[in-house]
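Asks:
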Amino acid sequence: MNEFIDLIKEREIGKCLENVSLKNFTSYKVGGKARCIVYPKDTKKLIELLRLCKNRNVKYKVLGNGSNTLFSDKDYDGIIIKLDEFNKISMINDTTIKVGAGYSLMKLALFATKKSLSGLEFACGIPGTVGGAVYMNAGAYKSDMGYIVKKVKVLTPNYTVINMTNAELNFHYRSSFFQTHPNYICLEATIGLKKGNREEMMAINQDRKERRQSTQPLEYPSAGSVFRNPDGNFAGKMIEDLGLKGLTKGGAQVSEKHANFVINLGNASANDIKELIMFVHDTVLEKYDVDLKIEQEFVNWD
Ligand SMILES: Cc1cc2nc3c(=O)[nH]c(=O)nc-3n(C[C@H](O)[C@H](O)[C@H](O)COP(=O)(O)OP(=O)(O)OC[C@H]3O[C@@H](n4cnc5c(N)ncnc54)[C@H](O)[C@@H]3O)c2cc1C
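With the first letter of the sequence shown counted as 1, position 39 gets the number 38 in numbering that gives the first Met the number 0; the numbers rise by one all the way through.
(1) What residue range does the beta strand (DSSP E) around Gln252 cover?
(2) Going along the chain, which unbroken runs of the beta strand (DSSP E) with 3 or more residues stay wholly within the stretch 77-137?
(3) Report yes or no: do three or more beta-carbon pairs, one from the stretch 60-73 and one from the stretch 124-137, lie closer than 8 Å?
(4) Mapping the DSSP letters down to three states, classify Met201 as helix, strand or coil.
(5) Using 8 Å as the Cβ pair cut-off and three pairs as the minimum, do the stretch 168-179 and the stretch 204-213 touch?
(6) Near Ala289, which residues of its chain fall below 8 Å by C-beta distance, leaving aside the five closest residues on each side in sequence?
(7) Determine contact between the stretch 211-225 and the stretch 253-262, defined as no fewer than three beta-carbon pairs at a distance below 8 Å.
(8) For a quick check, are the C-beta atoms of Phe70 and Leu21 less than 8 Å apart?
(9) Please list, in chain order, all residues of the same chain as Ala139 whose beta carbon is under 6 Å from its beta carbon, the five residues on each side excluded.
(10) Could you name the residues of the same chain whose beta carbon sits closer than 7 Å to that of Leu119, not counting the 5 residues immediately before and after it, in chain order?
(11) Pull up the DSSP beta-bridge partners for Cys15, would you.
(12) Can you tell me which of the three DSSP states Lys310 falls into?
(13) Please name the residue, chosen from Tyr183, Lys43, Lys53, Lys81, that lies closest to Cys35 on a Cα-to-Cα basis.
(14) Grab the span of the beta strand (DSSP E) containing Ile161 for me, first residue to last.
(15) Is the beta carbon of Tyr134 sitting closer than 8 Å to the one on Asn299?
(16) Strictly by DSSP, which residues pair up with Ala139?
(17) Can you tell me whether Gly242 is buried or exposed? The criterion is at least 16 other CB atoms within 10 Å of its CB, across all chains shown.
(18) How is His327 classed by DSSP in three states: helix, strand or coil?
(19) Can you tell me whether Tyr158 is buried or exposed, with buried defined as 16 or more other CB within 10 angstroms of its CB?
Here it is as structure tokens:
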């Protein structure tokens, strides 16, 4: 691995951080150390890095803001790829924005509001990147990325850059093409919005911010909702009805404020969080015969 990292530096792929704790790169604030985090300068350098990884059999993982990801406590003996340099934003016409995958979704929502463009109000409390939001089809308030993404620039496993249309991205509730094709990388998204009233949008954003603050445990590290809602029901309500709010495992807790959030009380390990999630899952299965689907992604577990 040392030789491989020297090669990355030699080839000037981009900034390279070594032996860094993933606690600083995930919203749960847990996880082992990453052997190396690389910030490719551009698509050419990203392709060069991916080719190197393939040729030398080094594993890699693309990471956005880590706000939907639970790394294990083990060290990650591979390359974490961050697309922070893919952060350009521009208007294509009056209502269409082109934005890099590494751009913050919340900043994008703010940008749209400032331009009086409506459609991204759902995103103002979602702490991910554009790439992570497309991958997850992030959403709230009966809207999601699938409603606004027109097309996405994608790097395929053959190192070609293609454009994929909204229909090809197969957006459904918290799912997209990317989840079934993990070797495809989102480089950029084209977002179509509608002209709106800035004051009205600002009022909606403020109202939702207050609602989130009063109903979600934003004062603690978490990764948002743990489970997808099953058809016709709410995971949070099912968990609350079973009396699981406040349940702890080590430093992890089923939030007292919102039963579909697991929070890090301060000193949780990734293992505490995963065990608690699995306990809740299994309890719901036993009592309701409902197999809740986990919305968050477990990375680097056996
Ligand atoms: C307080 C809080 C509130 C939240 N509220 C919501 C909510 O209301 N609605 C909602 O949907 N989610 C919510 N989330 C979850 C999370 O913010 C979203 O799922 C978000 O879209 C994840 O983006 P990310 O950049 O952090 O992704 P990460 O966690 O970094 O990555 C998630 C997955 O996407 C992949 N990925 C990331 N970037 C790319 C790329 N460029 N190309 C290909 N794959 C990529 C990663 O490999 C990983 O598999 C919340 C989280 C928190 C902490």
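Each residue gets a CB set at the ideal place from its N, CA and C atoms; glycine is no exception.
Replies: The answer reads as follows:
(1) Where Gln252 is concerned, the enclosing beta strand (DSSP E) stretches over 251-253.
(2) Entirely contained in the stretch 77-137, the beta strand (DSSP E) runs reaching 3 residues are, in chain order, 88-92, 95-99.
(3) Three or more beta-carbon pairs drawn from the stretch 60-73 and the stretch 124-137 are found closer than 8 Å, and the two stretches are therefore classed as touching.
(4) Met201 falls in the helix class under three-state DSSP.
(5) Flag = no, the stretch 168-179 and the stretch 204-213 do not touch.
(6) In the sequence as displayed, the identity of residue 289 is Val instead of Ala. Hits under 8 Å: Pro229, Asn232, Met237, Val283.
(7) Enough Cβ pairs lie closer than 8 Å, so yes.
(8) A contact, by the Cβ cut-off of 8 Å.
(9) Within the same chain, Phe121 come within 6 Å of Ala139 by CB-CB distance, once the 5 residues on both sides are set aside.
(10) Leu107, Ala108, Ala111, Ile147, Leu192.
(11) Beta-bridge pairing links Cys15 to Val37.
(12) No answer is possible for residue 310: the residues shown for the chain start at 0 and end at 301.
(13) Cα-wise, what sits closest to Cys35 is Lys81.
(14) Where Ile161 is concerned, the enclosing beta strand (DSSP E) stretches over 160-164.
(15) By the CB criterion at 8 Å, Tyr134 and Asn299 fall outside the cutoff.
(16) Note: Ala139 sits in a beta bridge opposite Ser142.
(17) Within a 10 Å sphere around the beta-carbon of Gly242 sit fewer than 16 other beta-carbons, which makes this residue exposed.
(18) This structure leaves residue 327 out entirely; the chain is present only between 0 and 301.
(19) Answer is exposed; the Cβ neighbour count stays below 16.
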